[in-house]
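Structure, as structure tokens:
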Amino acid sequence: MNFQLLSFLFLFTLSALAQTPAFQQFEVDSAAEPRCGTAFFNTFIQTNLRKPVSLEAKGIGGTVIVNGVVEPNGTLSNVAVSRGFRPDCDREALRVFSLFNAWKPAQKAGKAVRQQITIPIVFKPNVAFTYLNGKRIVFFTKDGKATNADSTLAQFKQVSQVDSTGLPTGDVVVYEAKNKKWKEYYRLVFTTEKYTNPFCNSCQTIGNQNIRKQWQGDVFVLDGTGKRIRQTYYDEGSPTNTDVMYYPNSLIAQKKADTGDRVNFLKWYANGQIEQIKTLDKPKSFTTGTLEQIVAVWDSTGKQTVIDGNGYATYQEQVVSNNDTTKHTIFVEKGTYAAGVKQGIWKGYYTDGSFFYEEMYEKGIFQGGKSKSNQGDTLRYTQLEQVPEFQGGMAELGKFLSTNLSYPVDAQRAGVQGRVFVSFVVCTDGTLCDYEILKGVQPDVDQEALRVVKSMNGKWKPGFQRGKAVRVKYNLPINFSLH
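Okay, here's the thing in structure tokens:
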């Protein structure tokens, strides 16, 4: 009987809590608001919002009004549409709005309380295009500039097969105008490949490849359920500075965008709270290198710990354990930034104890450090990273290539020339493996480049990271020239 009474009281208490009303904004002492501020909240919404392709094709915009309740713990509940635009946009607005759970709750009489909020989600206008039967059709001038279908300047037509969310579903075909008819000019073949990653055994890569089997255009990594893990724009097999990474809940984890002279990075926590802003200045020459500048950092509670490049930061990420490669652990790094770069002592460790490092920086320049993995010896190092090197340096590598490279006779007769890009992995003992032609010229030339690279096996010094030899992927251009 007592147990039944306790159960009744417990259920009654839960019911009473569930019925706690949500206050309106004018009823509280301080209203609920995004912990990161309105500007970063709007950035979050627009970054994560996916405009339906059918609406994007029309080029028009619209607004969905959504509402919800900010709970005392800063999460969002009871999300609904109060004024819709169109069903697909309403669903997308709810999806993105629900992802943001980094709210500063309302206060009333000194306590955090539930508050009703109403937010407009804006779908911005864009340049219209044709979308018929799952095919996106755009037209270009001979200079590659977008134009209208009925324009006399339309020299090329690109037909891309995509679903309602923008994912590729088939080949991309480019047609050229010839004698008032469209003739196929080239084709990018729709391709699916297994994506190798210790955190996702069922992931796959989808996108389009050119005749040399190089990725071209937007390439997506999807998990086993079809959710996006990563989206990167490729140009002839090489990833560009346009890149987006996602959390398992489909929230964008990091966005990298090329602005011309620099690359901007925005990073978020899994609840939508902004985590970091940094920039990477592009090198002005091959000798100047790149300069990374940390602009701002926030902790998981929304407190900004680095302001205008100055402050203390703590980072955490999931990594593979050094104790057991089938298990994961958390990698923690801590240190100070001054004027946007590392300053003083920085420390990092795996929470399972399988790795540790301590390093010294002066105005962003690495001075020295020590590290330890598992039960191994403490390693001391004066270079943070050392790239693999051909024995004797670049001069000896050049001599080796000029001595051992043979120009295919048929290619010479046909006047074929160009640069073949070959990638390979330099293992911890200096041996080579995992050869791949990233960008070729033609089959016989490509195979000769690959042959020469394979003949370099055992002639390399391995790469090092924090004093430990590591496997490093190396890209090598091999030039075939008739002059």
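In mature numbering (1 follows the signal peptide of the UniProt record, and there is no 0), the protein residues as written are -18 to -1, 1 to 465.
Glycine included, C-beta positions come from ideal geometry on N, C-alpha and C.
Computed from a predicted structure; not experimentally measured.
- request: Please list, in chain order, all residues of the same chain as P102 whose beta carbon is under 6 Å from its beta carbon, the five residues on each side excluded.
  value: For the purposes of this step, residue 102 is identified with residue 120 of the sequence shown, where counting begins at 1. If we look at P102 and ignore the five residues flanking it on each side, its Cβ neighbours are T45 and I47.
- prompt: Over what stretch of residues does the alpha helix (DSSP H) that includes C71 continue unbroken?
  reply: Numbered from 1 along the sequence shown, position 89 holds the residue referred to as residue 71. Note, C71: alpha helix (DSSP H), P69 to L81.
Segment contact, 8 Å Cβ cut-off, at least three pairs: the stretch 135 to 144 with the stretch 92 to 111: no
query: From this set, R77, S353, E53 and V369, which residue's C-alpha is nearest T2's C-alpha?
result: By 1-based counting over the sequence shown, the position of residue 2 is 20. Minimum Cα distance to T2 is reached at E53.
message: Can you check which of these residues, A13, L149, V141 and T129, is closest to residue 484 by C-alpha distance?
response: This structure cannot settle anything about residue 484, because the visible part of the chain is limited to -18 through 465.
query: Among all the DSSP beta bridges, which residues are the ones paired with I103?
result: Locating residue 103 in the sequence shown gives position 121, counting from the first residue. Partner(s): V46.
field: Bounding residues of the beta strand (DSSP E) (the contiguous stretch that carries L37)
entry: Looking up residue 37 in the sequence shown gives position 55. No beta strand (DSSP E) contains L37, which is instead part of the alpha helix (DSSP H) from V35 to K40.
task: Decide if Q255 is buried, meaning its Cβ has at least 16 other Cβ atoms within 10 Å, or exposed.
output: On the sequence shown, position 273 is the one that residue 255 refers to. Q255 comes out buried.
field: Beta-carbon gap between V203 and Y177 smaller than 7 Å
entry: Within the sequence shown, the letter at position 221 stands for residue 203. Within the sequence shown, the letter at position 195 stands for residue 177. Between V203 and Y177, the C-beta spacing is below 7 Å.
query: At which residue ranges does the stretch 128 to 207 contain complete beta strand (DSSP E) runs of 3 or more residues, listed in the order of the chain?
result: Segments of the beta strand (DSSP E) lying fully in the stretch 128 to 207: 138 to 144, 150 to 160, 163 to 176, 186 to 191 and 199 to 204.
- request: With a threshold of 16 other CB atoms inside 10 Å of the CB of A295, please say whether the residue is buried or exposed.
  value: Locating residue 295 in the sequence shown gives position 313, where the first residue counts as 1. By the neighbour-count rule (16 or more Cβ atoms within 10 Å), A295 is buried.
- request: Could you tell me the distance, in whole angstroms, from the CA atom of P459 to the CA atom of T147?
  value: By one-based count along the sequence shown, residue 459 stands at place 477. By one-based count along the sequence shown, residue 147 stands at place 165. Rounded to the nearest angstrom, the two C-alpha atoms are 37 Å apart.
- request: Go ahead and pull the three-state DSSP assignment for N463.
  value: By 1-based counting over the sequence shown, the position of residue 463 is 481. With the sequence shown as reference, residue 463 is identified as Ser, and Asn is not the correct amino acid for it. Coil.
- request: Please determine if the stretch 241 to 259 and the stretch 275 to 286 are in contact, where contact requires at least 3 C-beta pairs separated by less than 8 Å.
  value: yes
- prompt: Do you know whose CA, among Y168, H465 and E315, lies nearest Y297's CA?
  reply: Mapped onto the sequence shown, residue 297 falls at position 315. Nearest C-alpha to Y297 among Y168, H465 and E315: E315.
message: Please report whether the beta-carbon of N83 lies at a distance below 7 Å from any beta-carbon of chain D.
response: This model lacks chain D altogether; it includes just one protein chain.
query: Helix, strand or coil for D426 per DSSP?
result: The residue you call residue 426 lines up with position 444 of the sequence shown. Helix at D426.
task: Please state whether DSSP places M376 in a helix, a strand or coil.
output: Sequence index remark: in the sequence shown, residue 376 carries index 394 (1-based). DSSP places M376 in helix when its eight states are reduced to three.
- prompt: Are the CB atoms of G346 and K324 nearer to each other than 7 Å?
  reply: Locating residue 346 in the sequence shown gives position 364, where the first residue counts as 1. Locating residue 324 in the sequence shown gives position 342, where the first residue counts as 1. Yes, these two residues count as a Cβ contact at 7 Å.
field: Under the three-state DSSP convention, the category R32 falls into
entry: Translated into positions along the sequence shown, residue 32 becomes position 50. Here R32 sits in coil by DSSP.
message: I need the boundaries of the beta strand (DSSP E) containing A320, first residue and last residue.
response: Taking the sequence shown and counting its residues from 1, one reaches residue 320 at position 338. DSSP places A320 in the uninterrupted beta strand (DSSP E) bounded by H310 to A320.
query: Would DSSP call D240 helix, strand or coil?
result: As a position in the sequence shown, residue 240 is number 258, starting the count at 1. The answer is strand: DSSP assigns D240 an E or B state.
task: Measure the beta-carbon distance from V404 to P444 and round it to whole angstroms, keeping in mind my assumption that it falls under 8 Å.
output: Sequence index remark: in the sequence shown, residue 404 carries index 422 (1-based). Sequence index remark: in the sequence shown, residue 444 carries index 462 (1-based). Not confirmed; about 18 Å, so no contact.
task: Starting from R453, follow the beta strand (DSSP E) in both directions and report where the run begins and ends.
output: Looking up residue 453 in the sequence shown gives position 471. First-last for R453: undefined, no H or E at that position.
- request: Report the three-state DSSP secondary structure of F247 (helix, strand or coil).
  value: Numbered from 1 along the sequence shown, position 265 holds the residue referred to as residue 247. Strand.
- request: Spatial neighbours of S463 within its chain, please: CB distance less than 6 Å, with the 5 preceding and 5 following residues excluded, ordered by chain position.
  value: Within the sequence shown, residue 463 is the residue found at index 481, counting from 1. Q399.
query: Would a C-beta distance cut-off of 7 Å place T333 and I312 closer than the cut-off?
result: Taking the first residue of the sequence shown as position 1, residue 333 is located at position 351. Taking the first residue of the sequence shown as position 1, residue 312 is located at position 330. Yes.
query: Touching or not, the stretch 350 to 359 and the stretch 445 to 455, by the rule of three or more beta carbon pairs under 8 Å?
result: Verdict: yes, contact present.
message: For Q191, count the other beta carbons within 10 Å of its own beta carbon; 16 or more makes it buried, fewer makes it exposed. Which is it?
response: For the purposes of this step, residue 191 is taken as the residue at position 209 of the sequence shown. With 16 or more other Cβ atoms within 10 Å, it is buried.
query: Expressed to the nearest angstrom, what Euclidean distance is found between the alpha-carbon atoms of N457 and R244?
result: To locate residue 457, count along the sequence shown from 1; it is residue 475. To locate residue 244, count along the sequence shown from 1; it is residue 262. When rounded, the distance between both Cα atoms is 23 Å.
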